[in-house]
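Heads up: the sequence shown begins at 1 in the UniProt record's numbering, then just goes up one per residue.
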Amino acid sequence: MSEKYENQGSSQASMTPQTSASSLPPPEKPSAIQTRFRVVAAFWAVILFLGFPIWWKTTSIYRAELPLQEMLDWAGGKSCRPVFPVDIRFEIPSLPEIEAQQLLRTTQHTLDDLNEFSAHHLRLKLANEEAQQAIEKADTALTVRLLAQDDLASPRSELQTDSTTLDVFYPPSQIPPPASANSPLSSFIAGELQRLFAEEKATIAHILSNNAVGAITPSSNSQAQQISPQLAESITKRLRRSMKYAETYHLAFSLFTPGSAPSSWDIESAVQDYISPIVQALSPISNFTIDTQVQLYATFSPTTPAPEYDETQGIWTLKEENLSAFINAAEWPLNPSIGTGPTINFILYVPSPEHFPLLVKESKATSWIIPQWGGVFILNPPLPTRPDPDTDTDTERTTAKSLSNPPHLSRTSLRPAFLTFSHQLLSLLGTPSTPTSLPLRLQTLIRIRAATLLLSASSTLGSLARLTESLPSIPIPAPVALSVSTTLSHLSASCESLRNGRFQDALASARVAETEAERSFFEKSMVGQVYFPDEHKVAVYLPLLGPIGVPLVLGLLKEVRRIVVGWKGARSA
Numbered sequence: 001m002s003e004k005y006e007n008q009g010s011s012q013a014s015m016t017p018q019t020s021a022s023s024l025p026p027p028e029k030p031s032a033i034q035t036r037f038r039v040v041a042a043f044w045a046v047i048l049f050l051g052f053p054i055w056w057k058t059t060s061i062y063r064a065e066l067p068l069q070e071m072l073d074w075a076g077g078k079s080c081r082p083v084f085p086v087d088i089r090f091e092i093p094s095l096p097e098i099e100a101q102q103l104l105r106t107t108q109h110t111l112d113d114l115n116e117f118s119a120h121h122l123r124l125k126l127a128n129e130e131a132q133q134a135i136e137k138a139d140t141a142l143t144v145r146l147l148a149q150d151d152l153a154s155p156r157s158e159l160q161t162d163s164t165t166l167d168v169f170y171p172p173s174q175i176p177p178p179a180s181a182n183s184p185l186s187s188f189i190a191g192e193l194q195r196l197f198a199e200e201k202a203t204i205a206h207i208l209s210n211n212a213v214g215a216i217t218p219s220s221n222s223q224a225q226q227i228s229p230q231l232a233e234s235i236t237k238r239l240r241r242s243m244k245y246a247e248t249y250h251l252a253f254s255l256f257t258p259g260s261a262p263s264s265w266d267i268e269s270a271v272q273d274y275i276s277p278i279v280q281a282l283s284p285i286s287n288f289t290i291d292t293q294v295q296l297y298a299t300f301s302p303t304t305p306a307p308e309y310d311e312t313q314g315i316w317t318l319k320e321e322n323l324s325a326f327i328n329a330a331e332w333p334l335n336p337s338i339g340t341g342p343t344i345n346f347i348l349y350v351p352s353p354e355h356f357p358l359l360v361k362e363s364k365a366t367s368w369i370i371p372q373w374g375g376v377f378i379l380n381p382p383l384p385t386r387p388d389p390d391t392d393t394d395t396e397r398t399t400a401k402s403l404s405n406p407p408h409l410s411r412t413s414l415r416p417a418f419l420t421f422s423h424q425l426l427s428l429l430g431t432p433s434t435p436t437s438l439p440l441r442l443q444t445l446i447r448i449r450a451a452t453l454l455l456s457a458s459s460t461l462g463s464l465a466r467l468t469e470s471l472p473s474i475p476i477p478a479p480v481a482l483s484v485s486t487t488l489s490h491l492s493a494s495c496e497s498l499r500n501g502r503f504q505d506a507l508a509s510a511r512v513a514e515t516e517a518e519r520s521f522f523e524k525s526m527v528g529q530v531y532f533p534d535e536h537k538v539a540v541y542l543p544l545l546g547p548i549g550v551p552l553v554l555g556l557l558k559e560v561r562r563i564v565v566g567w568k569g570a571r572s573a
């Protein structure tokens, strides 16, 4: 048996080389090798010369050329330093031209000595033909008329409330002689002009000093430090309370009452008399639309504390701490915005007779401003004569309950409310509180808005430039480049108009620059790419290219290895 197994083992050992040789595949023919090489080369040729260009073309991000350095220069205040040369025209009919020129020079010298804010300076011009030709391209902010009066001991001034005219009455003895460098009259006029423009200077210095881009000279900081704390607090409060600038504002006047009356009001005549003149005066700054509504049975919010009765004064009161909850936003139909611009709401609330009169407890006021939202006015109805104060309080309350509000509010009864609304509108738009002349205050508002928009548009350009540099994969479509170009051209025009004293032109250019800058920064295609990082692209491509790429890469490596081995074998032979 052992021999049999040994013979079988020897026969198996002798058959192994033949079996292995027969199991190996035959060597590839040169034609098969060339065919495989051509197949691999064909696949890679299609990928490199057809697939990759198509992929690159269809997935490449278009980035229009932007003047990044110029945009950053505007944002950093290197391209423009806003200045505000305010032209003031002098009318001196009672003086010869030589004496008038001497008075003008001494007043200008005194003004320059008093001015600590170089970006805002007053330029005095005589109202003759030559001077008028020199300043016809600039806006005249104020006209000073000097009128001589023999019975005066010292000069006095009177500002016209409905125009930009300042009348200065002076004794003829205070006219400076030709060789004089100063006079009491010059000092008086310079002091009056400084007082008229003090709040404007402080406001512009505050805006420029708080601007993030620092686009102003260092003297703005010294000017901001020299203004009084009361004025600084007033400016800060006014700027925080005012609405952000918009090209169009929507004014919504609403009548609310907790009962069924009044159900109508002479709103058209009230708006025409008290609101339209202001809207027309503000037309160089912004556009306005007006909407009205009447809401009956408008009750307070359940969470709002009810009015409290003050028996000592016989009035109903609301605490100042509860005024923020006076508006019942859940039930009162108040739209936060209409169209593209913000809405400024004006609420006329007529309380029920049982809560008459309704006042604010601390100040006894009937109106207040809600910052960056609107204003409220409580119109207490004109009830009949109340009982004698010595009578019983319960009798007085019973009489009030038996009365009712008038069904209609006439234009006369609406006059106090709409006069208050007009003042609230000016405050909400950022109009300064001084001087008393409304046209002069509106001119100040034009200069303030021009400065604000100029700096805002410049800052937006800087943000866009930094965003473009930090995100190389973000697309820059052609409309963005066009908006940036438009913004830069209008910024240059606005800055040039400021230098020349053409403030309305500066505001018009700054408005366009602000609109175009916002449009370019909030381009939809750009905003979408900000939230699509490269990791998302890898997650999309990898499942698609992995199964296809692995065989192609392995086949290419195999062919490269074969070529290298053949090349080495040829060299060794």
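Note that beta-carbon positions come from the ideal geometry of N, C-alpha and C, so glycine has one too.
**Report entry** DSSP three-state assignment for residue 439, whether helix, strand or coil
**Finding:** helix
Query raised in the report: For residue 512, which residues from the same chain have a beta carbon less than 6 Å from its beta carbon, with the 5 sequence-adjacent residues on both sides left out?
Result: 490
Requested in this report: Kindly examine the ligand SAH and report whether one of its heavy atoms sits closer than 7 Å to the Cβ of residue 122.
Outcome: Ligands displayed in this structure: none; no statement on the ligand SAH is therefore possible.
Requested in this report: Taking only the alpha-carbon atoms, compute the straight-line gap between residue 305 and residue 351 and give it to the nearest angstrom.
Outcome: 15 Å
Report task. Have a look at residue 110 and residue 436 and give me their C-alpha separation to the nearest angstrom. Result -> 24 Å
Query raised in the report: Roughly how many whole angstroms lie between the Cα atoms of residue 51 and residue 41?
Result: 14 Å
Requested in this report: Kindly indicate which residue of 242, 443, 554, 476 has the alpha-carbon position closest to the one of residue 502.
Outcome: 443
Query - For residue 316, the residue or residues it bridges with in DSSP - result: 309, 358
**Report entry** Same chain, Cβ closer than 7 Å to residue 566, neighbours up to 5 away in sequence not counted
**Finding:** none
Query - CA-to-CA distance, residue 256 to residue 123, given in whole angstroms - result: 50 Å
Query raised in the report: Which residue comes first and which comes last in the alpha helix (DSSP H) that contains residue 192?
Result: 184–196
Query - Three-state secondary structure (DSSP) of residue 10 - result: The predicted model places residue 10 with a pLDDT of 49, which falls under 50 and marks its position as unreliable; any figure quoted below should be read in that light. Residue state, collapsed to three classes: helix.
Report task. Report, in whole angstroms, the separation of the C-beta atoms of residue 90 and residue 204, which I expect to be a contact under 8 Å. Result -> With 8 Å as the limit, residue 90 and residue 204 do not qualify as a contact, their Cβ atoms being about 24 Å apart.
Report task. Give me whichever residues DSSP pairs with residue 295 in a beta bridge. Result -> 256
Query raised in the report: Are the C-beta atoms of residue 25 and some chain C residue less than 8 Å apart?
Result: Looking at the structure shown, chain C is missing, and only one protein chain is on hand.
Query raised in the report: Roughly how many whole angstroms lie between the Cα atoms of residue 197 and residue 525?
Result: 46 Å
**Report entry** Opposing strand residues paired with residue 330 [DSSP bridges]
**Finding:** Answer is none; residue 330 lacks a bridge partner.
Requested in this report: Please report the residue range of the alpha helix (DSSP H) in which residue 116 lies.
Outcome: Residue 116 -> no alpha helix (DSSP H), and no H or E assigned at all.
Requested in this report: Would you give the residue range spanned by the beta strand (DSSP E) that residue 348 belongs to?
Outcome: 341–349
Requested in this report: Can you tell me which of 141, 445, 424, 259 puts its alpha carbon nearest to the alpha carbon of residue 432?
Outcome: 445
Query - Own chain, CB closer than 6 Å to residue 278, minus 5 neighbours either side, in chain order - result: 422
Query raised in the report: Can you tell which of 286, 483, 87 has its C-alpha closest to the C-alpha of residue 243?
Result: 286
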